[in-house]
Each structure stands twice: as C-alpha cells, then as structure tokens.
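Student: This is the structure I want to talk about, given as structure tokens.
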Amino acid sequence: MPSLPGIATGLGAAGSVEHVATWVISLLVLAAAIAIRVAWAGRRGSSDLRTLLRTTVPAAWFVPAAAIVIAVATQASPSLEPPQAPAILSQPNRPNTLPSITGHSWTSQSLTEQDDSGRTLVLTPIASKPHATAKEARQEALQLAALRLKYEVERVYGQAGDWELSGEALDQQKFITNEITSTRPYKLSSLAPSSEMYHCVVRLEVSDASRNWASGYWKQSVGANRLKTIGTITGLLCLLIVTTHLYLRLDIASRGTHRGKLQLASVAVVAAAGLVASTLLSA
Amino acid sequence: MTSGKFTFAPESTPLAGFTIKRGIQRGGFGEVYYAISDGGKEVALKLLHSHVEIERRGTEQCLNLKHPNLVSIIDIREDDDGDTWVVMEYVSGHTLDQVLAEDYPNGMPVDEVRSWLDGLASGVDYLHDRGIVHRDLKPQNLYRESGYVKIGDIGLSKIITPSQRGAQTESIGTIYYMAPEISRGEYGPEIDVYSSATIVYELLTGHVPFEGESTAEILNRHLTDQPDLSPLPRNLRPVLDHALAKDPAARTQSLGALLTEFDDALAGRTPHTPITPPQPPQPAQASGATSVPVAQPTEAVLQAPGSAVVVGSSHSRPGQAPLRRPRVFFPEEHHGPLSPRNISISQRALEATAGMAAAILFTGLLASAGHLTGMFGVSEQSAPLRAVAFGLTTLLGAWALLVGTKAWEGTGRESLSVRRLSLLLLGGGVGAAGWWLHQVLLVDLPPLAESQTAGLVDSIGSLELVRNQQPTLAGYVMFFALLFGIRRWWWHTDGFRPKRLRVLSLLLTVTVSWILGLVLQFPLAAAAGWGLGIAIVVQLSAPWVAPAHRRARLEQEGAQHA
Numbered sequence: 067m068p069s070l071p072g073i074a075t076g077l078g079a080a081g082s083v084e085h086v087a088t089w090v091i092s093l094l095v096l097a098a099a100i101a102i103r104v105a106w107a108g109r110r111g112s113s114d115l116r117t118l119l120r121t122t123v124p125a126a127w128f129v130p131a132a133a134i135v136i137a138v139a140t141q142a143s144p145s146l147e148p149p150q151a152p153a154i155l156s157q158p159n160r161p162n163t164l165p166s167i168t169g170h171s172w173t174s175q176s177l178t179e180q181d182d183s184g185r186t187l188v189l190t191p192i193a194s195k196p197h198a199t200a201k202e203a204r205q206e207a208l209q210l211a212a213l214r215l216k217y218e219v220e221r222v223y224g225q226a227g228d229w230e231l232s233g234e235a236l237d238q239q240k241f242i243t244n245e246i247t248s249t250r251p252y253k254l255s256s257l258a259p260s261s262e263m264y265h266c267v268v269r270l271e272v273s274d275a276s277r278n279w280a281s282g283y284w285k286q287s288v289g290a291n292r293l294k295t296i297g298t299i300t301g302l303l304c305l306l307i308v309t310t311h312l313y314l315r316l317d318i319a320s321r322g323t324h325r326g327k328l329q330l331a332s333v334a335v336v337a338a339a340g341l342v343a344s345t346l347l348s349a
Numbered sequence: 083m084t085s086g087k088f089t090f091a092p093e094s095t096p097l098a099g100f101t102i103k104r105g106i107q108r109g110g111f112g113e114v115y116y117a118i119s120d121g122g123k124e125v126a127l128k129l130l131h132s133h134v135e136i137e138r139r140g141t142e143q144c145l146n147l148k149h150p151n152l153v154s155i156i157d158i159r160e161d162d163d164g165d166t167w168v169v170m171e172y173v174s175g176h177t178l179d180q181v182l183a184e185d186y187p188n189g190m191p192v193d194e195v196r197s198w199l200d201g202l203a204s205g206v207d208y209l210h211d212r213g214i215v216h217r218d219l220k221p222q223n224l225y226r227e228s229g230y231v232k233i234g235d236i237g238l239s240k241i242i243t244p245s246q247r248g249a250q251t252e253s254i255g256t257i258y259y260m261a262p263e264i265s266r267g268e269y270g271p272e273i274d275v276y277s278s279a280t281i282v283y284e285l286l287t288g289h290v291p292f293e294g295e296s297t298a299e300i301l302n303r304h305l306t307d308q309p310d311l312s313p314l315p316r317n318l319r320p321v322l323d324h325a326l327a328k329d330p331a332a333r334t335q336s337l338g339a340l341l342t343e344f345d346d347a348l349a350g351r352t353p354h355t356p357i358t359p360p361q362p363p364q365p366a367q368a369s370g371a372t373s374v375p376v377a378q379p380t381e382a383v384l385q386a387p388g389s390a391v392v393v394g395s396s397h398s399r400p401g402q403a404p405l406r407r408p409r410v411f412f413p414e415e416h417h418g419p420l421s422p423r424n425i426s427i428s429q430r431a432l433e434a435t436a437g438m439a440a441a442i443l444f445t446g447l448l449a450s451a452g453h454l455t456g457m458f459g460v461s462e463q464s465a466p467l468r469a470v471a472f473g474l475t476t477l478l479g480a481w482a483l484l485v486g487t488k489a490w491e492g493t494g495r496e497s498l499s500v501r502r503l504s505l506l507l508l509g510g511g512v513g514a515a516g517w518w519l520h521q522v523l524l525v526d527l528p529p530l531a532e533s534q535t536a537g538l539v540d541s542i543g544s545l546e547l548v549r550n551q552q553p554t555l556a557g558y559v560m561f562f563a564l565l566f567g568i569r570r571w572w573w574h575t576d577g578f579r580p581k582r583l584r585v586l587s588l589l590l591t592v593t594v595s596w597i598l599g600l601v602l603q604f605p606l607a608a609a610a611g612w613g614l615g616i617a618i619v620v621q622l623s624a625p626w627v628a629p630a631h632r633r634a635r636l637e638q639e640g641a642q643h644a
C-alpha cells in the first residue's frame with residue numbers, strides 16, 4: 067500500500083501523466099461505490115445477490131454499448147498523448163556549410179543580442195544547398211529555419227503531436243531578419259560544363275517572441291487536430307447518454323413490454339455510431 | 083368523565099407552580115387533571131404513565147402549534163420525582179359525545195353538523211399541513227367552547243417513531259372511528275378523513291356506521307362492509323360514500339375537501355362524484371378475538387417540524403412478511419430537498435440521463451456564449467480551443483454531479499458527511515480529467531492574477547499546485563475536489579429544490595470557487611468560470627418538479643414503490 071507522502075509525491079510529480087488515468091478511474095470508482103452504497107442503504111435495499119441481479123440485469127445492455135464507446139476511445143488514445151516533458155534533443159538537421167558572401171558577415175556566424183526588454187535573442191544564419199533556381203534555394207532555407215524553430219519549441223515546451231511549421235509564415239512574422247541569395251559556378255560532373263547554382267542564406271531570430279509564436283502555432287495546429295478526435299469521442303458518449311435516456315423513457319412508458327427490442331435497438335444505434343466514429347478517426 | 087382512582091388528590095401540588103383541583107380523566111396513557119397555576123390560569127395537566135418518551139416526543143412536535151380549533155399544549159415539565167407532565171389549555175365546554183348523548187341521541191340537524199365539521203376540518207387540515215396525523219379523532223376528543231370547536235389529545239401517541247414500534251401492538255384510536263388501512267399499518271392523513279366522516283355519519287344519524295359485538299367484528303366490518311348510507315340525507319350520501327372509501331387513495335383527500343363537498347351537496351350543487359375503484363376483499367380478522375389485532379409497525383420515520391415530515395409505518399403480522407412498504411406523507415411546504423421519497427432505480431436513471439442530456443445542450447450554449455463574448459480571448463487563435471476545453475470540463479463536472487447526487491435523492495438526511503466525501507472524490511476525478519483535457523488540447527488557463535502571486539498557497543507539502551503560472555495536476559484535483567466537497571450540490575440537483583435556478587446559490591458557488599482560486603493559486607477567471615458554469619448547467623439541467631405537482635409526484639412514487 068503506498069504511503070500518503072508517496073501518493074502526494076506521485077500526484078505532484080512532473081511525470082505523472084501516465085498516472086492520470088489510474089487516478090481518475092480510482093477516484094471515480096471510489097466515489098461511485100460510495101454513492102451507490104449510500105443510495106442503496108438509503109432506499110433500504112436488500113444486498114442479497116438475487117435482488118442485486120434482478121435489479122441490474124435489465125441494465126446489462128449498457129455494458130456492450132459502453133464497451134463500444136470505450137473501444138473507440140482506446141483506438142484514438144495514442145493520438146491524444148499529453149506533451150512529453152522537454153528533453154535534450156538532437157538537432158533536426160545538420161547545418162549546411164555556410165557560404166561566405168562578401169559584404170554580408172552575418173551569413174557566416176551567429177550573433178547574440180539583447181532585445182528591448184533585456185532578454186537574449188540569437189540571430190542565426192541558415193543556408194540552403196545549391197539549387198538550380200533562386201526560388202528553390204529560398205524555399206529550402208526557410209524550411210530549414212522552420213525546423214530549427216520547431217526544435218527550439220520542443221526543447222522548451224516538450225513534444226506532442228505531429229506538426230509542421232511553415233517557412234513562409236516565419237518570414238511573414240518577421241522572424242527572418244535577413245535574407246540573401248547568391249550564385250556560384252558548380253560542376254555537376256567532370257564532363258559537364260560548370261553552371262551557376264543558387265544559394266540562399268536566411269537569418270533566423272531565435273528568441274522568446276519567436277518561440278512563443280511557434281508554440282502558439284503548434285498548440286493551435288495540434289489542438290485543432292485533436293479536437294476532432296475528442297469531439298468524435300464526446301459525440302459518441304453523448305449519443306450513448308441520449309440513447310440510454312430514450313431507452314429508459316420508452317421502457318418505462320411501455321412498462322417493460324418491449325424491453326428486449328429496445329435493448330437491441332439501443333445497442334445497434336451505439337454500434338453504428340461507433341463504426342462511423344472509428345472510421346472517422348482512422349481517416 | 084372521571085373514571086377510576088387518581089394518583090393525586092385535590093389541592094396537591096406535584097408539579098411546581100400548579101395546584102390540582104380535580105381529576106378529569108384517567109386512561110392507559112396517564113391521568114388528566116384540572117389545575118390552577120400560581121398565577122391563576124386554568125390548565126389541564128396530563129401525567130404520563132406509560133410510553134413516556136414516546137408521548138413526550140409526540141407532544142414536543144405539537145408544542146408550538148397554534149390554532150383556534152386545537153387545544154393548545156402549553157409546556158412539558160418534569161416534577162421532582164422525574165414524572166413527565168404535559169400542561170395543556172383547559173377547555174371547559176362539553177365534549178361532542180356528551181352533546182350527542184344529551185341533546186341529539188337521534189342525530190343532529192344538518193346545520194349543527196356542518197358547524198362541527200367546519201371547526202374539525204380547519205383544525206385537522208392545520209395539523210396535516212404540518213405533517214401530523216391526529217389518528218384518534220372521535221367525539222370524546224372534540225369540544226366546543228365559546229362557539230369554537232376544539233380538537234383535543236393532539237400530539238399524544240399520534241406520531242410514530244422507529245423507537246415506538248413496540249408500543250403499537252395495542253389499539254390505536256377508537257375502533258368505531260378507525261380507518262381500515264390502520265390494520266395494514268398505514269397512517270396517512272386519510273385516516274383522519276375516515277374518522278371524521280364516521281363522526282359526521284354519527285352526528286347525522288345518532289349512531290356510528292359500523293357497530294358490532296366485539297372489536298374484531300367492528301374492525302372486520304371497517305375492512306369489508308360498505309356503510310349503510312340509507313339513514314343519511316340523500317344529497318349527503320355520495321359525500322359520505324366518498325369519505326368512507328376503503329381505499330385511502332380513492333377517499334376524499336382532506337377535510338377541507340370533505341367540507342366543500344358537504345357544502346356543495348347542501349347547496350344542491352353537483353358534489354364530487356366518488357371514485358369507487360375495485361376494492362379487493364380485505365383479509366378477515368380472527369373472529370372472537372378480544373383485542374384489536376393491529377400488528378406491530380416495523381418501520382417509520384419522523385423528522386422534526388421545519389423539515390420534511392414523514393409519518394408512516396409498514397406493518398406485519400407475527401410470522402409474516404411485511405404487507406406493504408411505508409406510506410409517506412409530506413405536508414405541502416415540506417416538499418423540498420432531503421424529503422424522503424420512494425424513487426425507483428429506473429426513475430433515478432431516467433432523471434439522471436435526462437439531466438445529462440440537457441447538460442450537453444446547456445454547456446454548449448454556455449461555452450458558445452462565452453466564446454462569442456470574448457471570454458476566452460478576443461482575437462487569439464486558441465480561443466475556440468479554450469472554449470471547448472472549458473465546456474468539456476464543465477460538462478464532465480455537471481455529469482458527475484447529476485449522476486452522483488441523483489443516487490441520493492429522496493434518501494433523507496442521513497450520511498451527509500459521506501455525501502461530501504463522495505463529492506470530494508468525484509471532484510478530484512473531474513479535476514484530473516479536466517487537467518488531462520487541457521494538456522491534450524494544449525490549452526493554457528488564463529495566467530494568475532497579480533494578487534495571486536504572493537502570500538498564498540502554491541504547494542501543499544511536496545505537492546506543487548502551480549508551475550509556470552499554470553495549475554498542475556494536483557492543483558486541478560485540489561480545486562475541483564474542494565469545490566465539489568464544500569457546496570451542497572445535492573440541493574442544486576434535487577427535483578424538489580425550491581426553484582429551478584437559484585441566483586443566490588450561483589453567487590455563493592462563484593464566491594466559493596473564487597476563494598478556492600485565491601487559496602490554491604488557481605487562476606481566478608477559470609475558477610469563477612467553472613464554479614458559475616457548473617452551477618448553472620447543473621441547476622438548469624437537473625429535473626425539477628414544480629411545487630404544485632410534488633404531492634402528485636410523491637403519490638405516484640409511493641404507488642410505484644408499493
């Protein structure tokens with residue numbers, strides 16, 4: 067039996083994500099058990115097995131219906147992981163060799179500065195590989211800058227979900243402070259004549275502002291994606307409740323005459339909805 | 083009406099402050115004396131002999147009743163020997179049975195009967211409205227003084243309590259006026275209607291409807307025979323037929339209604355047509371028995387005035403299973419939360435799911451309204467996600483409360499501390515689920531207010547409640563557990579709550595959640611929002627029975643239970 071301090075430590079621990087389900091289920095089961103016990107005693111109910119069975123058997127249809135909802139939720143659960151704690155991550159990409167561009171010293175080294183609030187910001191150059199067109203070179207440079215910022219976000223806030231940061235968006239947010247494209251002759255093979263290839267170097271601002279913006283983008287995109295999953299599960303749960311209510315209403319109104327049919331219909335409705343939900347989640 | 087030998091002689095002062103003048107009545111429950119207080123007030127003193135605690139408790143229930151048609155109980159005292167005395171208003175007028183015997187041996191004029199019925203109805207309905215059933219209405223307990231009809235012997239051995247079970251093997255009430263259902267252990271207000279109707283019958287004809295050689299025979303006739311209405315005036319026959327129905331459910335429901343029907347019949351208006359449901363033959367009593375075979379009640383509950391009042395008992399014959407579950411009687415003004423009710427499991431489930439389904443709608447409306455009014459951020463991209471996370475957490479909390487408290491509805495006052503403990507745990511679970519939802523949706527709560535950054539709790543022992551301006555799992559669990567445990571949520575969800583939506587209750591919940599936010603360093607906006615949101619959704623969603631329909635609901639539940 068775990069000690070109280072142990073429980074307390076577990077509850078407060080940063081890595082308690084994996085214990086949440088256990089805590090939730092344990093607390094709810096305990097509360098439900100007490101409530102049922104009190105209600106049963108309050109109604110002066112008999113606790114013998116036959117009475118309990120007689121009372122619970124008519125509600126047995128609820129078990130498969132609930133199992134369907136649980137199965138769908140279980141199917142979706144891998145995509146609903148809370149953020150993992152920040153960890154030491156490897157750089158997402160090995161920086162390309164920085165070309166030296168005459169008159170643009172920022173292309174060859176990072177620069178640490180302080181913003182107006184006195185907080186440190188790093189201006190780091192990121193270069194593309196040589197490309198046939200300037201546009202392709204620029205796209206790659208921006209994409210590498212986006213990956214770099216994503217790495218920063220995951221290093222600070224943790225990892226959760228699949229998401230991509232757009233290089234163009236970075237540029238629009240003014241976190242690309244400098245950008246230059248240059249050409250150099252390259253020989254693709256010893257037999258081929260040399261041709262001009264394009265390099266693009268962008269300068270990324272890695273700061274609280276850029277990290278906050280990127281984390282917001284991350285939360286928005288992952289959250290919206292997960293919202294569909296949670297919405298589907300919640301919808302299924304709501305359907306289960308509404309179905310249960312309608313079943314009870316009709317069963318009471320018909321004095322149990324059509325109980326079997328109603329149970330079958332209820333399970334069928336939930337099963338159909340479960341199939342639709344499962345398909346949606348798999349898509 | 084002096085009978086037997088009294089314990090105290092005239093001029094004796096067994097109870098300080100009163101001088102006994104003469105004995106009035108002596109019976110199984112004690113002795114009644116006419117006495118004068120030291121200040122000169124005339125009183126009746128009743129010395130309790132048997133079942134003292136029961137009598138005392140029953141009398142205490144009626145101590146503060148004030149009505150011109152009731153003999154007032156002034157006080158309950160103990161003398162130096164530890165004997166219990168009930169100090170009552172002294173009524174000098176004649177009893178109704180004296181009036182009948184001396185002046186109207188063959189029956190009263192209808193106007194005179196109406197006059198007695200008027201006072202009787204007024205006093206008995208007053209008792210019924212307070213959850214008290216007289217149970218021993220008979221001409222010997224009715225007086226007339228200065229033109230007022232007075233009902234005596236109230237509160238004495240009329241309210242059954244669990245501890246009284248052993249006292250009920252003897253006759254209850256006088257057999258001539260005893261309603262048939264008393265033999266089944268049912269003591270609802272209808273038994274007073276039956277007794278009163280019997281009195282009216284006697285006043286009109288000069289004799290009671292059911293007579294016999296033995297108490298068993300009389301009781302048997304109450305159970306099986308239809309009263310002979312032919313001696314009654316023709317227009318009053320349906321009225322008495324209705325009021326003397328064997329089935330209490332088919333009987334006139336109150337003495338006020340009986341008086342109205344009586345008046346209507348006299349005025350030539352169409353009286354209420356009695357409902358005469360099929361009345362199954364009642365089990366015959368053993369003939370020749372010398373005592374009334376009223377068996378021992380096995381279950382009854384009494385609660386003090388000011389709360390729900392229940393009078394009822396189940397009944398079993400020795401060696402047999404109980405015939406029926408207890409009947410429950412509630413006065414109108416006491417149909418509130420904590421009223422004991424017989425709610426079936428299916429009814430509970432129906433109401434719980436109805437509430438849960440309604441909660442979906444109300445939570446959706448609430449979160450949408452919050453989003454549209456900019457509560458979750460005006461131009462922030464995460465505002466819709468925040469609204470969804472808030473709404474889902476609110477919905478979970480509302481569902482938990484609706485289901486948890488529905489299990490307790492109608493179970494009475496017991497186990498309130500267990501209720502709080504259960505809600506505490508339930509709230510902890512909801513808090514953990516809310517934290518998980520916010521983590522999964524990557525939604526942050528609003529940052530802590532400036533007033534929350536210093537001097538308040540941010541951890542309990544090793545439990546860190548706040549990290550990076552956001553509540554931790556422990557913070558969520560603590561906040562919701564306390565919010566659920568502190569408030570009496572069963573009042574919010576009970577079908578018999580005073581109003582569907584109580585604004586003061588909402589304000590109190592918001593205040594509690596705001597204080598919890600301050601204490602636990604939980605963001606105040608979120609704390610108040612959840613307190614308000616859950617309270618609104620729960621109150622709007624939980625099924626509510628309008629006060630006018632509660633009596634009918636109780637009867638329906640009682641019938642289903644039986």
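Protein chains in written order, with the numbering used here: chain A, 67 to 349; chain B, 83 to 644.
Positions of the beta carbon are idealized from the N, C-alpha and C atoms, including for glycine.
Computed from a prediction, not measured in an experiment: that's the story for all the values here.
Could you pull the DSSP bridge partners for B:Gln-143 from this structure?
Tutor: Partner(s): none; B:Gln-143 has no beta bridge.
Student: If contact means a Cβ-Cβ distance below 7 angstroms, which residues of the segment 435-463 of chain B contact chain A?
Tutor: Going along the segment 435-463 of chain B in chain order, one finds Thr-435, Ala-436, Met-438, Ala-439, Ile-442, Gln-463 with a Cβ nearer than 7 angstroms to chain A.
Student: If we cut at 9 angstroms on Cβ distances, does B:Gln-551 have a partner in chain A?
Tutor: For B:Gln-551, the answer is no, since every Cβ of chain A falls outside 9 angstroms of its Cβ.
Student: With distances taken between CB atoms, is the gap from B:Trp-573 to B:Ser-587 smaller than 9 angstroms?
Tutor: Yes, these two residues count as a Cβ contact at 9 angstroms.
Student: Check the C-beta distance from A:Tyr-252 over to A:His-197 and give it rounded, since I have them as a contact under 8 angstroms.
Tutor: Not quite, the Cβ-Cβ distance comes to about 10 angstroms (not below 8 angstroms), so this is no contact.
Student: At which residue ranges does the segment 302-343 of chain B contain complete alpha helix (DSSP H) runs of 4 or more residues, listed in the order of the chain?
Tutor: Those alpha helix (DSSP H) runs which fall completely within the segment 302-343 of chain B and span 4+ residues are 319-325.
Student: Run through the segment 169-212 of chain A for me and flag every whole beta strand (DSSP E) of 3 or more residues, listed as ranges in chain order.
Tutor: Segments of the beta strand (DSSP E) lying fully in the segment 169-212 of chain A: 177-180, 186-193.
Student: Tell me A:His-265's beta-bridge partners as DSSP assigns them.
Tutor: Its beta-bridge partners are A:Ser-248.
Student: What residues in the segment 305-323 of chain A bring their beta carbon closer than 8 angstroms to a beta carbon of chain B?
Tutor: Going along the segment 305-323 of chain A in chain order, one finds Ile-307, Val-308, Thr-310, His-311, Leu-314, Arg-315, Asp-317, Ile-318 with a Cβ nearer than 8 angstroms to chain B.
Student: Can you list, in chain order, the residues of its chain whose CB lies under 6 angstroms from that of B:Leu-285, leaving out five sequence neighbours each side?
Tutor: Once the five neighbours on either side are set aside, the close Cβ partners of B:Leu-285 are Met-190, Val-195.
Student: Can the beta-carbon of B:Lys-220 be found closer than 9 angstroms to that of B:Asp-179?
Tutor: For B:Lys-220 and B:Asp-179, yes; Cβs fall inside 9 angstroms.
Student: If we call anything under 9 angstroms between Cβ atoms a contact, is A:Val-268 one with A:Ile-192?
Tutor: For A:Val-268 and A:Ile-192, yes; Cβs fall inside 9 angstroms.
Student: Does any C-beta atom of chain B lie closer than 9 angstroms to the C-beta of A:Lys-285?
Tutor: Yes, A:Lys-285 lies at the interface with chain B (some Cβ there is under 9 angstroms from its Cβ).
Student: Output yes if chain A places a C-beta closer than 9 angstroms to the C-beta of B:Gly-486; else output no.
Tutor: Cβ-Cβ to chain A under 9 angstroms: yes for B:Gly-486.
Student: Identify, in the order they occur along the chain, each residue of the same chain with its Cβ nearer than 6 angstroms to the Cβ of B:Arg-319, setting aside the five sequence neighbours on each side.
Tutor: Taken in chain order, the residues that qualify are Leu-311.
Student: Buried or exposed: B:Gly-613, going by 16 or more other Cβ atoms within 10 Å of its Cβ?
Tutor: Label assigned to B:Gly-613: buried.
Student: What residue range does the beta strand (DSSP E) around B:Ser-119 cover?
Tutor: Here the beta strand (DSSP E) through B:Ser-119 covers 112-119.
Student: B:Gly-350 to B:Asn-317, Cα distance in whole Å?
Tutor: Whole-angstrom Cα-Cα distance: 8 angstroms.
Student: Interface residues of chain A around B:Trp-573 at Cβ under 8 angstroms?
Tutor: Near B:Trp-573 there are no residues of chain A at all, since even the closest Cβ is about 16 angstroms away, more than 8 angstroms.
Student: So the candidates are B:Leu-503, B:Thr-141, B:Ser-265, B:Asp-185; which of them puts its Cα closest to the Cα of B:Lys-328?
Tutor: When only C-alpha atoms are compared, the closest one is B:Ser-265.
Student: What span of residues does the beta strand (DSSP E) with B:Trp-571 cover, start to end?
Tutor: That residue, B:Trp-571, is in no beta strand (DSSP E); its alpha helix (DSSP H) goes 571-575.
Student: Between B:Gln-603 and chain A, is there a C-beta pair that is closer than 9 angstroms?
Tutor: Not one chain A Cβ lies under 9 angstroms of B:Gln-603.
Student: Does the segment 544-564 of chain B come close enough to the segment 308-328 of chain A that 3 or more CB-CB pairs lie under 8 angstroms?
Tutor: They do not touch, by the three-pair rule.
Student: Measuring alpha carbon to alpha carbon, tell me which of B:Leu-145, B:Leu-322, B:Asp-200, B:Ala-440 ends up nearest B:Leu-477.
Tutor: Answer by Cα proximity: B:Ala-440.
Student: Quick check: the segment 613-622 of chain B against the segment 440-457 of chain B, are there 3 or more CB pairs under 8 angstroms?
Tutor: A contact exists between the segment 613-622 of chain B and the segment 440-457 of chain B.
Student: Could you tell me which of B:Thr-487, B:Met-438, B:Ser-450 sits nearest to B:Val-470, measuring between CA atoms?
Tutor: Here the closest residue by C-alpha is B:Ser-450.
Student: Tell me, please, which residues DSSP counts as bridged to B:Phe-100.
Tutor: DSSP output for B:Phe-100 lists B:Ser-119 as bridge partner(s).
Student: From B:Trp-571 to B:Thr-487, what distance separates their C-alpha atoms?
Tutor: For B:Trp-571 and B:Thr-487, the distance between alpha carbons rounds to 7 angstroms.
Student: Could you check where the beta strand (DSSP E) with B:Ala-126 kicks off and where it finishes?
Tutor: Where B:Ala-126 is concerned, the enclosing beta strand (DSSP E) stretches over 124-130.
Student: Check whether chain A comes within 9 angstroms of B:Gln-429, counting only Cβ atoms and requiring the distance to be less than that.
Tutor: Answer yes: the Cβ-Cβ gap between B:Gln-429 and chain A drops below 9 angstroms somewhere.
Student: Find out if the Cβ-Cβ distance for the pair A:His-311, B:Ala-480 is shorter than 9 angstroms.
Tutor: It is not a contact, given that the beta carbons lie outside the stated cut-off.
Student: Is there a Cβ of chain B sitting closer than 9 angstroms to that of A:Pro-124, yes or no?
Tutor: Answer yes: the Cβ-Cβ gap between A:Pro-124 and chain B drops below 9 angstroms somewhere.
Student: Looking only at its chain, what residues have a beta carbon closer than 6 angstroms to the beta carbon of B:Gln-647, apart from the 5 residues adjacent to it on each side?
Tutor: There is no way to answer for residue 647 of chain B, as the model of chain B reaches only from 83 to 644.
Student: Residues of chain B with CB under 9 angstroms from A:Gly-282, in chain order?
Tutor: Residues of chain B passing the Cβ test: Glu-462, Gln-463, Ser-464.
Student: Can you pull the chain B neighbours of A:Val-138, defined as C-beta to C-beta under 7 angstroms?
Tutor: Per Cβ cutoff of 7 angstroms: no residues; A:Val-138 is ~16 angstroms from chain B at best.
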